[in-house]
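In the numbering used here, the protein residues as written are 3 to 112.
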Amino acid sequence: MESEAAIIALGALAQATRLDSFRLLVRHEPAGLAAGEIARLLQVPQNTMSAHLATLSRAGLVRSERHSRSIVYRADLDGLRALTLFLVKDCCAGKPELCAPLIAELTPCC
C-alpha cells in the first residue's frame, strides 16, 4: 500500500458514521448487510448512508454486490489488512521481532 492510499483509507474512517458502518460490516462478515439495513441499524437516512458507503468503497475498505433489488456491502478485509500492515511495517525502532507476531497474523499465508 502506498501512502496516498493509506491517507484515503484513514480519512474515510475519520468520520463517525463511516467508522460505525465499517465496524458493523466487520461484525457481519462474511454475509454482509444490505445498504438499507446498515442505514436502519445506524439510524442514518438511506441517501446519507449511500454517500458514506461510496466513500468507504473508494477507500478500498468495503465491497458491494447487487442481490436482486438490494446492494449488499461487505468489509474488505484484504483492504483492512493492507492498511494495518502499512501502519506497522516499520515499527519498533529497528526491533522487528516486537511486531513480528502481529505482522505474521496479518500476512496472508498463500
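C-beta atoms are modelled at their ideal positions from N, C-alpha and C, and glycine is treated no differently.
Report the residue ranges of all beta strand (DSSP E) runs contained in full by the stretch 45 to 95; include only those spanning at least 3 residues, in chain order.
-> 64 to 69, 72 to 77
Pull up the DSSP beta-bridge partners for Leu-35, would you.
-> Tyr-75
Contact check, Gln-45 vs Gly-38 under 8 Å by CB: the rounded distance?
-> That belief does not hold up - the Cβ atoms of Gln-45 and Gly-38 are roughly 12 Å apart, past 8 Å.
What first and last residue would you give for the alpha helix (DSSP H) that runs through Glu-4?
-> Here Glu-4 belongs to no alpha helix (DSSP H), and DSSP marks it neither H nor E.
Out of Glu-4, Ala-36, Ala-84, Ile-10, which has the shortest C-alpha to C-alpha gap to Arg-71?
-> Ala-36
CB of Ala-11 within 7 Å of CB of Leu-100, strictly = For the 7 Å CB-CB criterion, Ala-11 and Leu-100 do not form a contact.
Outcome for Ile-40 when other beta-carbon atoms lying within 10 angstroms are tallied against a minimum of 16 | buried
Counting only the same chain and skipping the five closest in sequence on each side, list residues whose C-beta sits under 8 Å from that of Thr-19.
-> Leu-44, Val-46, Thr-50, Met-51, His-54
Check whether the Cβ atoms of Asp-80 and Val-64 sit closer than 7 Å, and answer yes or no.
-> no
So is Gly-13 buried or exposed if we call it buried at 16+ other beta carbons inside 10 Å?
-> exposed
Looking only at its own chain, which residues have a Cβ that is under 8 Å from the Cβ of Cys-94, when we skip the five neighbours before and after it?
-> Leu-100, Cys-101
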